[in-house]
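This report concerns only the one structure given below.
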Amino acid sequence: MKTIVVARIAIAVAVIATSLITQPKPAPQKVAQAVPAIEFPVQMQQNVTAGKTAVGTRVHAKLVIATLVKGKVIPEGAILLGEVTESVAKSATLPSRLGILMDSAQWKNGSAPIKAYLTAWYYPVTMPNPDAMGGPTASTPSGAGASKLTRNRDPSAQPSFDQGPEPLPESNDSGHRVLMKDVESTRSSEGAVTLSSSRSTLKLDKATTYVFAADGLAPAR
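Just so you know, we're using this note's numbering here: the sequence shown kicks off at 12 and counts up by one.
Written out as structure tokens, the structure reads:
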């Protein structure tokens, strides 16, 4: 009798283990292109190209607007450090995919751990040149600081991933973020955000101000 009970328990354990192994991993969920709750407007310090820049490549970017995170101000000019989490070039049958996670911020007198993913938002603008403005400008937390952004009339400051013959969104003088054209966002069950484009291979350049979002994306407002 004891042998039968043990055998039944062993069978039950085997069935449970098999079901856990064969259970499919949840598919990434498409997310709305919502305005980030906490945003890090940055300029990349190196070019990144989906399919060419390998997953795991360490990247860094310079923060162009001071950002308040959990009561701590990360100052303008801080360097955000992270790595490429997804990198796939567009093919005839599959879209291009690109994901970047920034995991820390460092500046002259401090550092802070963060968790911020690349989003489909960018600013078609750059910070004013302090010399041209008659001196340095004060840093303010993200949101209010967006008004410091001024139009950059250099066309190379537009997102440089190939978009085909159609133009990118027009630059504006409002200092507001805009969405990359024909780009979607998905979020995995672990919370990682990945951008995708069925039209062309995604590329980031060093002249454009891209937006990374902390702790996911907030509802649109």
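The beta carbon of each residue, even a glycine, is placed where N, CA and C say it ideally should be.
One Cα belongs to residue 60, the other to residue 98, and the distance between them is close to 8 Å. Taking 8 Å as the cut-off, the Cβ atoms of residue 68 and residue 50 do not count as close. Beta-bridge partners assigned by DSSP to residue 87: none are found. By the Cβ-count criterion, residue 65 is exposed, with fewer than 16 other Cβ atoms from all chains shown falling within 10 Å of its own Cβ. Contact check for residue 129 against residue 74 fails: the beta carbons are separated by 8 Å or more.
Below 8 Å, too few C-beta pairs join the region 191-206 and the region 86-93 to call them touching: fewer than three. Residue 219 carries a coil assignment under DSSP once its states are collapsed to helix, strand and coil. Between residue 117 and residue 92 a beta carbon distance of about 7 Å is seen, short of the 8 Å cut, so the two are scored as contacting.
Measuring C-alpha to C-alpha distances from residue 220 to each of 212, 211, 209 and 190 identifies 190 as the nearest. By the Cβ neighbour-count rule, residue 127 is buried, with 16 or more other Cβ atoms within 10 Å of its own.
For residue 209, the secondary structure class from DSSP, reduced to helix, strand or coil, is coil. Residue 105 has its alpha-carbon roughly 32 Å from the corresponding atom of residue 187. DSSP, reduced to helix, strand and coil, places residue 105 outside both helices and strands of the structure shown, so it counts as coil. Restricting attention to 71, 194 and 218, the CA atom closest to the CA of residue 212 is found in 194. The C-alpha of residue 48 is placed about 17 Å away from the C-alpha of residue 114. Annotated as proximal: residue 72 and residue 56, with beta-carbon spacing under 8 Å. For residue 195, the three-state secondary structure derived from DSSP is strand. Distance from residue 62 to residue 107 at the Cβ level is roughly 7 Å; contact confirmed, criterion being Cβ atoms closer than 8 Å.
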